[in-house]
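Chemist: Just dropping this structure here.
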Amino acid sequence: MNISEIVKSRYSTKEFDAEKKIPAELFEQIKTLLRYSPSSVNSQPWHFIIAESDEAKKRISKGTQDTYSFNEAKILDASHVILFCSRNQIDEEYMLHLLETEDKDGRYAEPTFKDMVHGGRTMFVNLHRYDLKDVQHWMEKQVYLNMGTVLLGAAALGLDALPIEGIDQNKLDEEFGLRDKGFTSVAAIALGYRKEGDFNAVLPKSRLPEDEIFSFLP
Numbered sequence: 002m003n004i005s006e007i008v009k010s011r012y013s014t015k016e017f018d019a020e021k022k023i024p025a026e027l028f029e030q031i032k033t034l035l036r037y038s039p040s041s042v043n044s045q046p047w048h049f050i051i052a053e054s055d056e057a058k059k060r061i062s063k064g065t066q067d068t069y070s071f072n073e074a075k076i077l078d079a080s081h082v083i084l085f086c087s088r089n090q091i092d093e094e095y096m097l098h099l100l101e102t103e104d105k106d107g108r109y110a111e112p113t114f115k116d117m118v119h120g121g122r123t124m125f126v127n128l129h130r131y132d133l134k135d136v137q138h139w140m141e142k143q144v145y146l147n148m149g150t151v152l153l154g155a156a157a158l159g160l161d162a163l164p165i166e167g168i169d170q171n172k173l174d175e176e177f178g179l180r181d182k183g184f185t186s187v188a189a190i191a192l193g194y195r196k197e198g199d200f201n202a203v204l205p206k207s208r209l210p211e212d213e214i215f216s217f218l219p
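For any residue, its number in this note's numbering is found by taking its place in the sequence shown, counting from 1, and adding 1.
Now the structure itself:
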């Protein structure tokens, strides 16, 4: 596998072939990417709503009415759609839940290591909660890390994908009762296989040149 060739060949799919579906074994790997994506201090402040059936995709497409109607067909024609959600808060109860999950998974050889991790995580969370006052934005940053992981992983699996920010978050929060569950919608990724003739598949990539974006330290 040549990761450079993969990242150069992937693109944001504008038209999906509605007749082509992602095999179950491949989508299991997408689920693994979702679970194992990195996040700051292993905070994992996310939840994913996955739509595969036509009825499920119609529910997510409710977030593309009116202003975002240009995204409706992309959601309906995709094989799978993932709605990425962020937690609304990261409190002590949740951080202890993370800690106990890590402990159960064998992360801590000594009790002192467990205490150190909890103290460090609490420090970073409180920094964003009280000092920077951007804890919601900080959690959404972790969700975007996850989206990047999925987009690159999907391309490595030979799947086509489209990240979608053009959705009505309020409508989707209401549709899925997210706020009552402690979450809010952030963005979506549509996954599947490109439709023959998708105009974006044949356009050359355009990126800023290396000498503009890289600085090498001596």
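Positions of the beta carbon are idealized from the N, C-alpha and C atoms, including for glycine. Quick caveat, the model's predicted, so the values are computed rather than measured.
(1) Residue range of the beta strand (DSSP E) that R11 falls in?
(2) For I61, does the three-state DSSP call read helix, strand or coil?
(3) Output needed for Q143: all residues of its chain with C-beta closer than 8 Å, excluding positions within five of it in sequence on either side, in chain order.
(4) If you draw a straight line from the alpha carbon of L163 to that of L97, how long is it in whole angstroms?
(5) Look at L99 and K115 and say whether their C-beta atoms are less than 8 Å apart.
(6) Under 8 Å: do the stretch 170–181 and the stretch 204–214 share three or more Cβ pairs, one atom per stretch?
(7) At the level of alpha carbons, what is the spacing between Q66 and A79?
(8) Report the rounded CA-to-CA distance for A155 versus Q30, giving the unit in angstroms.
(9) Look up I31 in the DSSP assignment and say whether it is helix, strand or coil.
(10) Could you tell me whether the stretch 184–196 touches the stretch 157–171, using the rule of 3 or more Cβ pairs below 8 Å?
(11) On the DSSP bridge assignment, give the partners of S87 in chain order.
(12) Just the Cα atoms here: how many angstroms apart are E103 and A157?
(13) Measuring CB to CB, does D18 end up less than 8 Å from K196?
(14) Would you list, in sequence order, the uninterrupted alpha helix (DSSP H) runs of no fewer than 4 residues that lie entirely inside the stretch 133–174?
(15) CA-CA distance, L35 and P219?
(16) I'd like the list of long-range same chain contacts for K58, defined as Cβ closer than 6 Å, with 5 residues on each side in sequence excluded.
(17) On a CA-only basis, which of E111, D106, N127 and S10 is nearest Q90? Give me that one, please.
(18) Could you tell me the boundaries of the alpha helix (DSSP H) in which H119 lies?
Modeler: Taking the definition as stated:
(1) Unbroken run through R11: none, as it is neither H nor E.
(2) helix
(3) S40, S41, S44, Q45, P46, W47 and S87
(4) 35 Å
(5) no
(6) no
(7) 17 Å
(8) 9 Å
(9) helix
(10) yes
(11) W47 and T185
(12) 29 Å
(13) yes
(14) 136–157
(15) 37 Å
(16) A52, I76, L77 and V82
(17) N127
(18) P112 to N127
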